[in-house]
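So the sequence lines, in the order shown, correspond to chains A and B. Residues 690 to 804 (this note's numbering) are what the first sequence spells out, left to right. Residues 311 to 420 (this note's numbering) are what the second sequence spells out, left to right. Glycine included, each C-beta is placed from N, C-alpha and C at the ideal position. Since the structure comes first, as structure tokens, the remarks are kept for the end.
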Amino acid sequence: DTAVSQTPKYLVTQMGNDKSIKCEQNLGHDTMYWYKQDSKKFLKIMFSYNNKELIINETVPNRFSPKSPDKAHLNLHINSLELGDSAVYFCASSLSIRPTGGGYTFGSGTRLTVV
Amino acid sequence: TQLLEQSPQFLSIQEGENLTVYCNSSSVFSSLQWYRQEPGEGPVLLVTVVTGGEVKKLKRLTFQFGDARKDSSLHITAAQPGDTGLYLCAGENTGNQFYFGTGTSLTVIP
């Protein structure tokens with residue numbers, strides 16, 4: 690199936706650990722994103738990449754480092770995890786840098802719990 | 311960050327009732343999108359509105375973009391349990407960046 694797939698679906702880890710979340714899209718989209726959804730369901734952009742180039746880097750701690758090896762993949766590495774990092778992280782893609790027409794296609798999310 | 315306030319935050323209604331969800335901002339948007347998110351899944355695009363005053367219909371869902379392009383509404387007629395979910399609006403600013411609203415959680419009781 691064509692989709693945005695991210696792994697793992699659930700991630701439980703201790704404070705101070707380093708973890709990665711992987712994302713792949715087979716839609717042929719040029720732009721990929723990482724969003725964070727907090728406990729109140731507020732969805733906030735973290736990063737966006739267009740053809741492997743970083744376009745948006747919102748105010749995110751530098752413990753978060755995205756990497757895009759090619760335009761179909763965008764991974765998120767998090768160092769020294771903190772309790773406040775607990776959230777659902779969504780990967781998304783769009784056809785182009787301006788997702789007006791087709792909007793965003795989201796993955797099903799990674800629920801990160803830091804204990 | 312441009313704040314889009316959605317109201318109500320929570321809505322629980324009986325099957326067959328009508329409802330309206332509002333998305334309001336003090337900012338002008340180039341376009342606005344509505345998404346529905348089901349538990350354990352990512353948001354799914356429902357519609358994009360571009361022109362001030364535009365009305366779009368998707369079966370029982372009617373979307374309207376305000377004349378000044380600062381607000382939008384989503385009206386559902388004869389709600390069904392399958393309409394249950396989190397409804398999110400997202401407004402596009404002049405930098406082609408979309409900012410999501412605060413969300414409306416809808417529960418339709420059979």
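- Cα atoms of A/Y778 and B/R346: separation of roughly 17 Å, rounded to the nearest angstrom.
- Proximity of chain B to A/I786 at the Cβ level (cut-off 9 Å) is accounted for by N406, in chain order.
- Closest in alpha carbon position to B/F410, among A/Q726, A/G791, A/P755 and A/S783, is A/Q726.
- By a beta-carbon distance limit of 8 Å, B/A378 does not contact B/G326. Their separation comes to about 33 Å.
- The C-beta of B/S383 comes no closer than 8 Å to any C-beta of chain A.
- Taking C-beta separations shorter than 6 Å and ignoring five residues to either side along the sequence, the partners of B/E348 in its chain run G395, following chain order.
- With a cutoff of 8 Å on beta-carbon distance, B/L321 and B/L384 are scored as not near each other.
- In the DSSP annotation of this structure, the continuous segment of the beta strand (DSSP E) that includes B/R346 starts and ends at S341 to Q347.
- When the alpha-carbon of A/Y722 is set against those of A/K729, A/C712 and A/S737, the nearest one is in A/S737.
- Taken atom to atom, the span from the alpha-carbon of A/T794 to that of A/L765 is near 18 Å.
- Under DSSP, the beta-bridge partners assigned to A/Q726 are A/L732 and A/V777.
- Just measuring C-alpha positions, the residue of A/G773, A/S785 and A/G790 sitting nearest A/L801 is A/G773.
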